[in-house]
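FYI, in the working numbering the residues of the sequence shown are 9 to 830.
Where is the CB? At the ideal position from N, CA and C, for every residue including glycine.
Since this is a predicted model, take the numbers as computed values, not measurements.
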Amino acid sequence: MPNHSLTLKNNVLTTGGQDRLLEQLLFAINHATEIDIAVSFIQNSGLQLLLPAIEEAIERANDSANSLHIRLLTSDYLGITDPIALRSLMAIASPNTQVRVFATKETGFHMKSFIFVRSDKENTFYSGSAFVGSNNISRAALTHAHEWCLRFDHKEPKHSFEAQQFQLIRQEFHKIFHHQNAIPLSDSWIDQYIAQRQPTLALNLVSDMGLEADEVYVPNSVQIEALQALATTREQGNSRGLVVLGTGMGKTWLSAFDAMQMKAKKVLFVAHREEILTQALNTYTKLWPNRCAGYFNRTEKSADKELLFASVQTLGKQRHLQQFDQQHFDYIVIDEFHHASASTYQNILNYFAPKFLLGLTATPERTDQADILSLCNNNLIFERNLVHGINDGLLVPFHYYGIWDDTLDYQAIPWRNGKFDPSSLEAKFATTKRAHHIFKHWLEHQQSRTLAFCVSITHADYMAQQFNHYFSNHGFKAVAVHSQSHLRRNEALAQLNRGAIQVLFCVDLFNEGTDLPAIDTILMIRPTQSNIIFLQQLGRGLRVSADKSHLVVLDFLGNHHSFLKRSDLFQLPNAAERNTQQVQDNPAQYSALPTLGKGCYVNIAPQALDFWQGLQQRFQHTAIDEFQLLEARLGHRPTASEFYHGGYQLNKVNKQHGSWFDLVAHFSDDPSLNQCIKTYQGFLLKHVQMTSMSKCFKPILLEAFLELDGFHRPPTLMALAEKSWHILKTYPTLFANELSDNFQNISPSTTKWISYWKGNPIKAFTNKTKQDAISAFSIKDDCFVANLDIATQDIALLHSLVKELVDYRLAKYIKSHYSDQP
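Here is the structure:
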């Protein structure tokens, strides 16, 4: 545990100012198995300093056999405790995390104590620390205010004088925690507390306790524009839409402002990482402290909250979805929407019917958006990229150095299904030659706080070891943090923030949901195939911070087509055609490009430009070349929609390969996928990819068929017609232009509508033609049945293949018929 200036025997007195209590508390939280805290009040500013460590400790305990018990006691003294902080604590409350509030109407409560116990799961090791002093939980009290707090330490043996005193402290805490005035925290108690609280009076009565007035949260300039666009799209009848905001421009805040703008009563926020959910809950409770909030994840399933923050991995399971009515939430947010094509997301998207569903992403370009845009009914509501954020002063500019990595041959590393083979990559990356190459360039360009992205745990540990070896003459320090490191995530960020370390090597921990504005150097020493992940990593350093003028990005580029996407990201489509000698003579020439943003600078090694030029000349003829190029840019197998929006033609694919999925099979080594394509290729090509269309009705019907799980349970014609009408209604432009007024104002359950839908498109799909003796579908017992002999194990995969083509057909139809409409 860190030592401080004034020592009394074996104990330490922390005095505030430069001698901050915060670091000692964070260290204790990160290594404790039992935590007891009692403070007379809690300010949200102080809680947010401790909460990441507490939440990480809870998460760590859930991932292991070790238990963690937390008891926290505060009070209602003068209404000083912040309701926002109480909402955040209520969200983590559980049998192992107990939170109580001491009612001070009849008696005072002025305790300030932090007690920590550390033991292993067999209780063979035992130690403890008790901090007792003047510090409540506020930013000032934990950092710069003059506060005295004495730390009493205890180690074995258990019967020593120190052990007896420590046990006395714990016993007294236990007594006050179970006092009759100590009430378990609940949402109803917080509601009542808010109604009776007079914070202004409290601040006037107690002026020197490190209190902060309640903050006022308002949207920034970009969010104001987005809020207007969101209001407009709902006025036009849209119930779904996608908003694209560059990393760091406030997507979560925007969703909270918009939920309030829509006066939503129940909100569901879905994400795939716990860090994103905790940050979102903290954001929403700041803006909406009068709403109860909670989590729906593997450890907590608070189905009755007004603001629910759900892990997609948990909520996406059918047994959990069925706990909710389909219209339970009137506003749903799907964060990091570029993940939404995964089956768990699809379950959520297909189950709920909110008044409005908002998809959020920072995806960089329309090609990347193509596949996910179909999930929002091709309704791109608002888009602002990093350039807008930089020009508006919401983000800092970047200085990007694309450094040629000649320490290994990337083309010799196996490439499978859109990515490098992980084990081969790790072996090639952990070499002294490459580490020295990286260190040399880092030393030339680095600023003060570097976050480095590595390919594996072994790679991160190796790089930290090598950098510390090189640092022996520089006075710097590097560490590695990952799922197996002894150093905790929050500890590493705190050390980086205060300058105790200079370089933090990480593995997949800080792509999303991490906010450390002080980071001013990004080191990309792994080949990032996805533009989305690349920009997320870039975004870790673009936050505005005091004394930070710009971000330095060191990106090591190699001789592989996966690196070609950098030219797209920096709006350099013709960079490979520029004269290499000109680049050598004037490497700063790209900083003049207006698309980079004010103050941005891009310097790409001439060797990379030469390599890109060679790739550009290769990839311009066959569908195979185009597929490989797009796969390299996206970092995954392109979908038909992404291929179409990328400017490529499926007609060319058909001529050279027979069908879209024949081309997909050419690159796939998945035997299940290849067999499914082979078995059902006639149906996929004739009746989905190439079926004739004079209106949008066929893909709409197929969309309804899929949502009703038609391959598994054929729907009735009535159910199919009703579902089709509702799906069509979610596309306001199609609904207004493809249906006559008679059918726009009709109930979808009427005989008139069902009859119309039977005539077109059900009839088109069930009629035989001269070319096809067997129709795509038949009507059996008034149900719409696919004329396929589908093996049970093929249903899910065939469903996804048809969905991919339906998305493509709708995207192409809308673009070709209504591209000039808003």
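Distance between residue j and residue i (C-alpha atoms, nearest Å)
| i | j | result |
| --- | --- | --- |
| ASP749 | GLY245 | 15 Å |
| ALA744 | ARG497 | 52 Å |
| GLN8 | ILE78 | Limits of the chain in this structure are 9 at one end and 830 at the other, which puts residue 8 out of reach. |
| LEU14 | LEU34 | Model confidence at LEU14 stands at a pLDDT of 40, short of 50, so the residue's coordinates are unreliable; what they give is reported in the following sentence. Their backbone Cα atoms lie some 20 Å apart in a straight line. |
| ASP528 | LEU671 | 43 Å |
| GLU63 | GLY136 | 21 Å |
| GLN589 | LEU617 | Bear in mind that the predicted position of GLN589 carries a pLDDT of just 36, short of 50, making it unreliable; the figure below should be weighed with that in mind. Whole-angstrom Cα-Cα distance: 11 Å. |
| PHE675 | VAL810 | 19 Å |
| GLU807 | PHE719 | First, the amino acid is wrong: residue 807 is His here, not Glu. Rounded to the nearest angstrom, the two C-alpha atoms are 7 Å apart. |
| ASN659 | ARG817 | 13 Å |
| ALA508 | ALA502 | 9 Å |
| LEU565 | GLN615 | 9 Å |
| ILE45 | ASN290 | 21 Å |
| THR758 | PHE785 | 23 Å |
| CYS791 | LYS766 | 12 Å |
| ARG281 | VAL341 | 14 Å |
| PRO722 | LEU747 | 26 Å |
| ILE5 | TYR826 | The displayed coordinates of the chain run from 9 to 830. Any statement about residue 5 would go beyond what the structure contains. |
Span of the beta strand (DSSP E) around residue i
| i | result |
| --- | --- |
| LEU21 | 19 to 22 |
| SER319 | 315 to 319 |
DSSP three-state assignment for residue i, whether helix, strand or coil
| i | result |
| --- | --- |
| VAL515 | coil |
| LEU329 | helix |
| TYR656 | coil |
| LEU77 | For the record, residue 77 in the displayed sequence is His; it is not Leu. The answer is strand: DSSP assigns HIS77 an E or B state. |
| ILE509 | coil |
| ALA46 | strand |
| SER351 | helix |
| GLN106 | strand |
| TYR418 | helix |
| ILE356 | helix |
| ALA101 | coil |
| THR15 | Unreliable positioning characterises THR15 in this predicted model, as indicated by a pLDDT of 37, which lies under 50. The coordinate reading is nonetheless provided below. Strand at THR15. |
| LEU747 | coil |
| THR115 | coil |
| GLY302 | strand |
| ARG248 | strand |
| THR466 | helix |
| THR369 | strand |
| ASP216 | Low per-residue confidence applies at ASP216: pLDDT is 46, beneath 50, and the placement is therefore not dependable enough to give any value. |
| LEU796 | coil |
| PHE277 | strand |
Beta carbon of residue i nearer than 9 Å to that of residue j
| i | j | result |
| --- | --- | --- |
| HIS346 | MET257 | no |
| HIS453 | LEU559 | no |
| LEU813 | GLN697 | yes |
| GLY141 | LEU58 | no |
| LEU388 | LEU262 | no |
| GLY25 | HIS152 | yes |
| THR255 | ARG68 | no |
| LYS363 | ALA272 | yes |
| CYS514 | ALA468 | yes |
| PHE390 | ALA267 | no |
| ARG472 | VAL511 | Arg is not the amino acid found at residue 472; the sequence shown has Ala there. In this structure, VAL511 lies closer than 9 Å to ALA472 by Cβ. |
| ILE411 | ALA613 | yes |
| THR738 | ARG327 | no |
| ALA279 | ASP338 | no |
Beta bridge counterpart(s) of residue i as assigned by DSSP
| i | result |
| --- | --- |
| MET532 | PHE461, ASP563 |
| PHE364 | TYR339 |
| VAL140 | SER121, LEU158 |
| VAL611 | Strictly speaking, residue 611 in this sequence is Asn, with Val absent from that position. Partner(s): TYR409. |
| PRO646 | In DSSP, PRO646 forms no bridge with anything. |
| PRO756 | According to DSSP, PRO756 bridges with nothing at all. |
| CYS791 | THR724, LYS788 |
| PRO488 | The amino acid at residue 488 is misidentified as Pro; the sequence shows Ala. The partner list for ALA488 (beta bridge, DSSP) reads PHE513. |
| TRP423 | PHE428 |
heavy atom of the ligand COA below 8 Å from residue i C-beta
| i | result |
| --- | --- |
| TYR408 | Absence of the ligand COA is noted for the structure shown, with no ligands found whatsoever. |
Where the alpha helix (DSSP H) containing residue i begins and where it ends
| i | result |
| --- | --- |
| CYS684 | 679 to 692 |
| ALA190 | Per DSSP, ALA190 belongs to no alpha helix (DSSP H); it is in the beta strand (DSSP E), 190 to 192. |
| PHE185 | 169 to 185 |
| LEU55 | 52 to 70 |
is_contact[residue i, chain B] using C-beta, thresh 9 Å
| i | result |
| --- | --- |
| GLU233 | No chain B is part of this structure, which consists of one protein chain only. |
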